[in-house]
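The block underneath contains the structure these notes are about, expressed in structure tokens.
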Amino acid sequence: METKFNPQAIEKDIYEAWEKSGAFEAHREEGKKPFTIVMPPPNITGQLHMGHAMDCTLQDAAIRYHRMKGDPTLWLPGTDHAAIATEVKIVDKMREEGLTKESLGREKFLERAWAWKEQYGNRITMQQRRMGTSCDWSRERFTMDEGCSRAVREVFCRLYDKGLIYRGTRLVNWCPCCSTSISDAEVEYEEKDGNFWHLYYPVKETGEKLELATTRPETMLGDTAVAINPEDERYKHLHGCHVILPLLNKEIPIVLDEHADMTKGTGVVKITPAHDPNDYEVGQRHNLHIVRVFTYDGRMTGAKEKQENDELFASGKAAVNEPVVLDCGPYAGMTTMEARKAIVKDLEKGGYLGQIESLKHEVGTCYRCHTVVEPMVSRQWFVKMEPLARPAIEAVETGKTRFVPERFEKNYFNWMRNIRDWCISRQLWWGHRIPAWYCDDCGEITVARQDPDVCPKCGSRHLKQDEDVLDTWFSSALWPFSTLGWPDNTEDLKYFYPTTMLVTGYDIITFWVSRMIFSGIECMGETPFATVLIHGLVRDELGRKMSKSLGNGVDPLEIIDQYGADALRFSLLMGVSPGNDTRFSIDKVEAARNFANKIWNASRFVLMNTQEKVEINPDTLTMADKWILTRFEEAVKDISAHNEEGDFGLSATRIYDFAWSEFCDWYIEMAKPWLLGEDETAKRNVQAVLLYVLEGVLKLLHPFMPFLTEEVYHYLPGTEGFLMLKPWPEAGKWDFPEDLRKMEGIMEVIRSIRNLRAEMNVPAGRRTRLMFLPKEGWADTLNHAGLYFARLAGASQSSLIEKAADVTEKTVTTVTGAGTVYIPLGDLVDIEKELARLNKELENLTKEISRIEGKLNNPGFVAKAPEALVAGEREKLQTNQHKLEALKTRIEELKETR
RNA sequence: GGGGUUUUAGCUCAGCUGGUUAGAGCGUUACGUUGACAUCGUAAAGGUCGGAGGUUCGAGUCCUCUAAACCCCACCA
């Protein structure tokens, strides 16, 4: 073994060996409860980032832990086609070549998209392999593969047949840049500077000027009413009147509606049903015309759009509330921002413009391209949410699905209880095409599992499939069961559904988690997972979100190349608590790398001293052996418990502390004298314990640092096969509380001596004699610890004395729970300094004693605190009183000698 | 407007159902290469746990109020 752990040299080989051997593959074992995770499928848009790395690490830790525990485990991987995100990327790339979607045509475009999927999908799975991901690649899926597509179509048809999917003309969020509708969840709000333009609309009947305010004057061409509150005293006289819409000179009604808030502005609102969600609803209530003035790519409509629209109406195929399109005349073809300027200017000219206030307001933007979204009335497909949301809410209320940490339930409920119908159609080409056909002859809509040849109503062959595709989340919503073979009732589906745990970030609870829950209940009759383990975001060193635009993203692969996958994984777990964001820093990675190296070298040490497998002989164990075995089992219990809870941050910290501080810094150091000594029994003892605990440490650490532990395991004598398939350590074999107590007493003595030596500036190389005046019950233990004092406390010789008076030389002293330690230091001892030091110790001790006494003299404490606690305090008091006595005696002695 | 998170050592963060003198890593200081490891060891300095009340024998931990930072949802014509 090399003196340094070199991850680059081993990771690739180990991963290939694992994968080739089939170690990742899931096996159904009837009668045993499986542990199942479906991996959140990364988008095929690019490459993995730190968020994926964390997601992946958490899942792999859970999977490896359960695999070692003997649960049949399935971790099902895959990728997501990410309709809009991928399409945007492909179009961008085409633009560089001077191509457009339209010039290429749908078919050619899709060819490109599949090629893209091939390239980037593979790149992602390669990256996942580098992370050490132990998922079952034989079951890898893609949201647009044949099976998933079949599931999508099946769900679409079922919901359609039940009336839960419908086509309707509604106001939707429209991204003019991506040129598609997007769902409510895909709108992000950003604060932007804007203005409040006050406008005057003349009242036809009275001639007065009605003042109102708007943030979007360019929509005024589409106004089909103004609203006032029915209760508003200021405008009672206007009930039933009309206003003349400036610029267009068009008469529109004044309607009475609650939406008009008397306390805001003038209490008058202009109503643009085609381009504002609230106005749309007002329009529905009052049966207003809907006039569309924007094109789908964000410009003002003109003669061309109007003509198309007129033709639609003429053909009789217009929807019930199909909007009318306005030819905006001089504004036609302008972008909305250009039109805004022009219209404001013209309003001013006409004397219709009042004051302009500036304000900040939240503006909806597209989550993909951050273009301001335009609410638009258009014909889309929707999922009726209310009936689906109800059981999904109940599933979480009743605990069938549990969020960890629990607080994220509130997010979920908040979203689900205020849910609106889900717009699922997208005006894109990359995705699952909507399985609906329109008959050119009779207008019948056919939704079918199999592509129809003829119209089932009129028998016509002139069928056209809907041009749109489905929202990418429609297929991801089915992921927990579509990937297991649904709609067929496969063996995998029967055995692994519902899955055990879903691991994901809090940012996609609404997008994804909620939709999987209602889809699972709807299609499978059962919630798709028992636990949702939520983690936070990985931020940069300054706490900022990692993003392309900031250029502060860190590529996981670069970190792996430099420090190894284990270091990266461990750094993403250490000190992380569930649901909270974490900052990525190279310092943490280095700390993790150092830890890996520490384990490597500890293993190297054990192996240099142990050539063959040695079994533990319980009869010959020393105090130190029993101590480490007991502490090991405590670590096993704690780590197992944290793993069960999905609290891997605590597990990682615990194994770090146990391995480094207790095993390396203490036990290995205490083992050295025995290994170098003559006593063969003692030597074998220590070898056995070293091997045993090391193997245990490797197992406990394996879920977090799989490569290192697997590699080292192979060097251990008497091992064969993969560590990843070995059983998880069990506690319950070793428990020596008495030796634990003694050992800790000795450790305190050693620490005190080291402390004293440092304080007295004793050169590290200078060995000194030690004399102990033991406290009752400790003589034997101290006597047997000579080797440890020699090794760990710089003792040349240690001996017991019976009374303080036996000390005849100049010494410094430290008082411990096990007794008083005298260190003859000759010339190094300055009596005055020593007295000052001891007096300070005395002071501290006195304070501590009075604190405990205060506690014990409190009748409430003695009466109400648990007995064990009170007893503990009493014992502590006693120990400290002993120390105090010893200290006082020592001070007196010193005073005499001066 | 509704909801949530965070606030603990110079920095990054742990601290489970309230119970030793509040911990770790990094950084700082001093000493140290004793054959596993300088990607190391030993020791030290550093915190009235954002503030104010309260509950309790006992509060970093529970409750109320409050301050600051951040996030989610809804809305702003």
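Residue numbers (our numbering): 1 to 898. Cβ atoms here follow ideal geometry from the backbone N, Cα and C, with glycine treated the same way.
Check whether residue i and residue j have beta carbons under 8 Å apart
i, j, result
"A818", "V749", "yes"
"A62", "V576", "no"
"V821", "I746", "no"
"T143", "S519", "no"
"E211", "G302", "no"
"R583", "D625", "no"
"N43", "D80", "yes"
"F413", "F570", "no"
"D223", "L245", "yes"
"I424", "D471", "yes"
"P217", "T371", "no"
"C664", "A602", "yes"
"I254", "I290", "no"
"L675", "L698", "no"
"D466", "R426", "no"
"T531", "W415", "no"
"M982", "P72", "Outside the modelled stretch of the chain, which goes from 1 to 898, sits residue 982, for which no answer is possible."
"A53", "L572", "yes"
"L900", "L887", "Nothing can be reported for residue 900, as the shown portion of the chain is limited to 1 through 898."
Straight-line Cα distance separating residue j from residue i
i, j, result
"Y563", "F595", "12 Å"
"G485", "W75", "15 Å"
"K304", "A332", "10 Å"
"T813", "W660", "30 Å"
"N309", "V325", "6 Å"
"G364", "K192", "10 Å"
"D647", "M574", "11 Å"
"T527", "R515", "11 Å"
"F605", "W18", "27 Å"
"E374", "E87", "20 Å"
"L884", "D619", "38 Å"
"E738", "W627", "9 Å"
"M743", "K33", "42 Å"
"T263", "P230", "13 Å"
"N287", "A339", "28 Å"
"E892", "R791", "32 Å"
"S460", "I517", "40 Å"
"G351", "F294", "25 Å"
"G505", "I521", "22 Å"
"K360", "P273", "24 Å"
"K855", "Q881", "15 Å"
"W479", "H432", "14 Å"
Selected residue, minimal CA-CA separation from residue i, among the options
i, options, result
"E258", "R285, D276 and K545", "R285"
"L557", "R28, Q47, E30 and E645", "Q47"
"W381", "M300, G163 and A764", "G163"
"T500", "H66, A53 and S21", "H66"
"M300", "D327, H198 and S798", "D327"
"K683", "M376, E644, A795 and Q611", "Q611"
"Y200", "D346, K803 and T73", "D346"
"L533", "R544, V513 and L842", "V513"
"S181", "L716, G298, E853 and H714", "G298"
"I356", "A314, A213, A836 and F408", "A213"
"D441", "F496, E832, K317 and I419", "K317"
The beta strand (DSSP E) enclosing residue i, as first and last residue numbers
i, result
"R767", "No beta strand (DSSP E) holds R767; DSSP gives it neither H nor E."
"H535", "F529 to H535"
"R379", "E374 to V383"
"Y120", "Y120 -> not in any beta strand (DSSP E); alpha helix (DSSP H) instead, spanning R106 to M131."
"E191", "V187 to P202"
"K900", "Only positions 1 to 898 of the chain appear in the structure, and residue 900 is not among them; the question remains open."
N- and C-terminal bounds of the alpha helix (DSSP H) containing residue i
i, result
"A641", "M623 to E644"
"P859", "P859 to K864"
Quick check for students: name the residue ranges of the alpha helix (DSSP H) that lie wholly in the segment 393 to 475, counting only runs of 4 or more.
408 to 417
| said: Suppose only complete runs of 4+ residues qualify. What are the alpha helix (DSSP H) ranges in the segment 544 to 612, listed by chain order? | reply: 556 to 563, 565 to 573 and 586 to 609
Practice item. Go through the segment 245 to 326 residue by residue and report every complete run of the beta strand (DSSP E) that reaches 3 residues or more, in order. Key: 250 to 256 and 268 to 271
> Where in the segment 349 to 374 do unbroken runs of the beta strand (DSSP E), each at least 3 residues long, occur, reported from the N-terminal end onward?
Replying inline: 353 to 366
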